[in-house]
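*Asks:* When we follow full-length UniProt numbering, the leftmost residue of the sequence shown carries the number 1, and every step to the right adds one.
I have a structure I would like to understand better, so I am pasting it below and will then ask my questions one at a time.
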Amino acid sequence: MAAKANGEACGLCGGRTYLIERRGELASARVCTCSADCPVCGGRGHILVQKEGTFSAKMGARTYDVLEPCVCTLRRTRVALYNDVQMPGVMAHASFDNYRPFNEAQDRGRGVAMHFAHQYVKGATNKGFVLSGPVGTGKTHLLAATLGHLVLEMGVKSRYVEISLLYATIRRGFQDGKSGGEIIGPLSEVEVLAIDELGKGRGSPFEMETLDELIARRYNAGRTTLFATNYSLEPERKGARSSAPSGYRTTDDARSAMKDAELLRERVGERIYSRLCEMCTFVELPRDTPDRRRTRQEMDAPPPLGGMRNPGR
Numbered sequence: 001m002a003a004k005a006n007g008e009a010c011g012l013c014g015g016r017t018y019l020i021e022r023r024g025e026l027a028s029a030r031v032c033t034c035s036a037d038c039p040v041c042g043g044r045g046h047i048l049v050q051k052e053g054t055f056s057a058k059m060g061a062r063t064y065d066v067l068e069p070c071v072c073t074l075r076r077t078r079v080a081l082y083n084d085v086q087m088p089g090v091m092a093h094a095s096f097d098n099y100r101p102f103n104e105a106q107d108r109g110r111g112v113a114m115h116f117a118h119q120y121v122k123g124a125t126n127k128g129f130v131l132s133g134p135v136g137t138g139k140t141h142l143l144a145a146t147l148g149h150l151v152l153e154m155g156v157k158s159r160y161v162e163i164s165l166l167y168a169t170i171r172r173g174f175q176d177g178k179s180g181g182e183i184i185g186p187l188s189e190v191e192v193l194a195i196d197e198l199g200k201g202r203g204s205p206f207e208m209e210t211l212d213e214l215i216a217r218r219y220n221a222g223r224t225t226l227f228a229t230n231y232s233l234e235p236e237r238k239g240a241r242s243s244a245p246s247g248y249r250t251t252d253d254a255r256s257a258m259k260d261a262e263l264l265r266e267r268v269g270e271r272i273y274s275r276l277c278e279m280c281t282f283v284e285l286p287r288d289t290p291d292r293r294r295t296r297q298e299m300d301a302p303p304p305l306g307g308m309r310n311p312g313r
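So this is what it looks like as structure tokens:
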């Protein structure tokens, strides 16, 4: 933790020693100016550490010196790892602290993500999670906060991918003579992968085969995968209920009921859904969870002409 000479934490990074900023479409990390000059190693990047070990019973325990990476080297390495995550720029400032839950389910979602991030064991088999809920309910925010902690605080190699963009990337790769496996390969091997918008797409054979191969390879290797989806995690359809009066049903009512009844199980197929049940903890946000983006827009909207907004509403 970086501190000023008077003992106060840096006003820019708050003592984290790094900053995350939006640069174009992606979030980018850099070492804070407060930690640019390392007082520990003097800029050499390594330090001499004294250790003790027993190499033979006759000689007994002996001390010896070894060179180890300085904390500043580890910091630069983790910053570089974060810049390989490919996190969307809009999520540059996403953290667990600034996630604001509207209901108990969202609070549980944050709790599951925080527990995963803080209890993660490098190199072990860690169970991931699936966040399900309507658009704008903070699912990507929690994925970003989780990966940010894993990479910058623990040095865990991670990647983020939005599934429809992955399909588009593979299709473009075909035009350049690349196979889908060349693109999927690195995503299969990364220690933690976050897949956003699971279930999105046309459900074509190409999309289903790509998704199945990626998840199968990670499942077989015992690697940790996180997911976010707009589709319900329920194993079976529930009876669709309409808010319209009995005997009357508008086209919008029918479309809304159909969308609410869509299941992730139907979008990804039995094989993938079964593996998700084993790989992840399921967290589902209610269909009536407010859209954070719309709520923020409504709060920031100017009052109507000729009147003032009621401050009590």
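We treat Cβ as the ideally placed atom computed from N, Cα and C, and that holds for glycine.
Only a predicted model underlies this, so the values are computations on that prediction, with no experimental measurement involved.
Below 8 Å on the Cβ atoms is my guess for residue 29 versus residue 83; work out the distance and round it to an integer in Å.
*Replies:* Sequence index remark: in the sequence shown, residue 29 carries index 29 (1-based). Sequence index remark: in the sequence shown, residue 83 carries index 83 (1-based). That pair is a contact at about 6 Å.
*Asks:* On the DSSP bridge list, what partners appear for residue 64?
*Replies:* The sequence position of residue 64 within the sequence shown is 64, counting from 1. Residue 64 pairs with 51.
*Asks:* Considering only DSSP beta bridges, list what residue 46 is partnered with.
*Replies:* Sequence index remark: in the sequence shown, residue 46 carries index 46 (1-based). Bridge partners of residue 46: 69.
*Asks:* Using 8 Å as the threshold, is the region 58 to 68 in touch with the region 105 to 113, meaning 3 or more CB pairs across them?
*Replies:* With a cut-off of 8 Å, the region 105 to 113 and the region 58 to 68 do not count as touching, because too few Cβ pairs lie within range.
*Asks:* Contact between the region 161 to 168 and the region 260 to 275 is defined here as three or more beta-carbon pairs at a separation below 8 Å; is this criterion met?
*Replies:* No, they do not touch.
*Asks:* Going by the CB atoms, is the gap between residue 96 and residue 226 shorter than 8 Å?
*Replies:* Position 226 of the sequence shown holds residue 226. Position 96 of the sequence shown holds residue 96. No; because the gap between Cβ atoms is not below 8 Å, this pair is not in contact.
*Asks:* Determine which residues share a DSSP beta bridge with residue 128 and list them.
*Replies:* As a working note, residue 128 is residue 128 in the sequence shown. Answer is 280.
*Asks:* Once you ignore the five residues that flank residue 248 on each side, which residues in its own chain have a CB closer than 7 Å to its CB?
*Replies:* Taking the first residue of the sequence shown as 1, we reach residue 248 at position 248. Model confidence at residue 248 stands at a pLDDT of 47, short of 50, so the residue's coordinates are unreliable; what they give is reported in the following sentence. For residue 248, where only same-chain residues beyond five positions count, there are no Cβ hits under 7 Å.
*Asks:* Would you report the Cα separation of residue 39 and residue 150, rounded to the nearest angstrom?
*Replies:* The count along the sequence shown starts at 1 and reaches residue 39 at position 39. The count along the sequence shown starts at 1 and reaches residue 150 at position 150. Going from the Cα of residue 39 to the Cα of residue 150 covers about 26 Å.
*Asks:* Using the C-alpha atoms, what's the distance from residue 201 back to residue 229?
*Replies:* By one-based count along the sequence shown, residue 229 stands at place 229. By one-based count along the sequence shown, residue 201 stands at place 201. The straight-line gap from Cα to Cα measures roughly 12 Å.
*Asks:* Give me the Cα-Cα distance between residue 37 and residue 148, rounded to the nearest whole angstrom.
*Replies:* Locating residue 37 in the sequence shown gives position 37, where the first residue counts as 1. Locating residue 148 in the sequence shown gives position 148, where the first residue counts as 1. When rounded, the distance between both Cα atoms is 24 Å.
*Asks:* Rounded to whole angstroms, what is the Cα-Cα separation between residue 73 and residue 46?
*Replies:* Here residue 73 refers to the residue found at position 73 of the sequence shown. Here residue 46 refers to the residue found at position 46 of the sequence shown. One C-alpha to the other measures close to 7 Å.
*Asks:* Taking just the CA atoms, how far does residue 20 sit from residue 135?
*Replies:* Position 135 of the sequence shown, counted from the first residue, corresponds to residue 135. Position 20 of the sequence shown, counted from the first residue, corresponds to residue 20. If you take the alpha carbons of residue 135 and residue 20, they lie about 24 Å apart.
*Asks:* Taking just the CA atoms, how far does residue 224 sit from residue 92?
*Replies:* Residue mapping note: residue 92 aligns to position 92 of the sequence shown, counting from 1. Residue mapping note: residue 224 aligns to position 224 of the sequence shown, counting from 1. Taking the straight line joining both Cα atoms gives about 23 Å.
*Asks:* Between the beta-carbon of residue 184 and the beta-carbon of residue 169, is there less than 8 Å?
*Replies:* Position 184 of the sequence shown, counting from 1, holds the residue named residue 184. Position 169 of the sequence shown, counting from 1, holds the residue named residue 169. No; because the gap between Cβ atoms is not below 8 Å, this pair is not in contact.
*Asks:* Please name the residue, chosen from 71, 105 and 141, that lies closest to residue 17 on a Cα-to-Cα basis.
*Replies:* Start at 1 with the first residue of the sequence shown, and residue 17 comes out as number 17. Taking only the C-alpha atoms, the option nearest residue 17 is 71.
*Asks:* Starting from the C-beta of residue 177, find all residues in its chain whose C-beta is less than 7 Å away, skip the five residues before and the five after it, and write them out in chain order.
*Replies:* Locating residue 177 in the sequence shown gives position 177, where the first residue counts as 1. So no residue of the chain qualifies.
*Asks:* For a quick check, are the C-beta atoms of residue 132 and residue 284 less than 8 Å apart?
*Replies:* By one-based count along the sequence shown, residue 132 stands at place 132. By one-based count along the sequence shown, residue 284 stands at place 284. For residue 132 and residue 284, yes; Cβs fall inside 8 Å.
*Asks:* Between residue 268 and residue 233, what straight-line distance do the alpha-carbon atoms span, to the nearest angstrom?
*Replies:* Along the sequence shown, read from residue 1 onward, the residue named residue 268 stands at position 268. Along the sequence shown, read from residue 1 onward, the residue named residue 233 stands at position 233. Taking the straight line from one Cα to the other gives about 11 Å.
*Asks:* At the level of alpha carbons, what is the spacing between residue 245 and residue 288?
*Replies:* Here residue 245 refers to the residue found at position 245 when the sequence shown is read from its first residue. Here residue 288 refers to the residue found at position 288 when the sequence shown is read from its first residue. Residue confidence is low: residue 245 scores 41 on pLDDT, short of 50, so the model does not pin down where it sits. No coordinate-derived value is stated.
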